[in-house]
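Numbering (this note's numbering), first residue to last: 3 to 124.
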């Protein structure tokens, strides 16, 4: 068996650094810079996803309470008949959305692009 030379060691080290950097970039994003966009007939509002808050003062047509909590957003209460907006649950990923049709409100997560692994292939 032949001994490893300096170039062999250097190649292995460079490959290991490249793998660690790639994994860090793919999985190490924290979601900083994400925001919640709320569009309604009264206007458009943007809130940081990093600050917990309850938002219920923008809708003059009835009760629709939106909660930002633990880097996610959801509709806590609404006086619409089917309450589909409540059933949509929490959203936290970019481009996820919730709609309340009777109140004409659309809630969207916006922000920097994030890497998400959907599938694994060999």
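Glycine included, each C-beta is placed from N, C-alpha and C at the ideal position.
First through last residue of the alpha helix (DSSP H) which encompasses residue 86:
Counting along the chain, the alpha helix (DSSP H) containing residue 86 begins and ends at 86-89.
Would you list the residues sitting across from residue 76 in a DSSP beta bridge?
The beta-bridge partner set that DSSP reports for residue 76 consists of 69.
Backbone CA spacing between residue 111 and residue 76 [nearest angstrom]:
A straight-line Cα-Cα distance of about 11 angstroms links residue 111 and residue 76.
Among 73, 109, 70 and 97, which has the Cα closest to the Cα of residue 87?
Closest by alpha carbon: 109.
Within 10 angstroms of its Cβ, does residue 107 collect 16 or more other Cβ (buried), or is it exposed?
It counts as buried.
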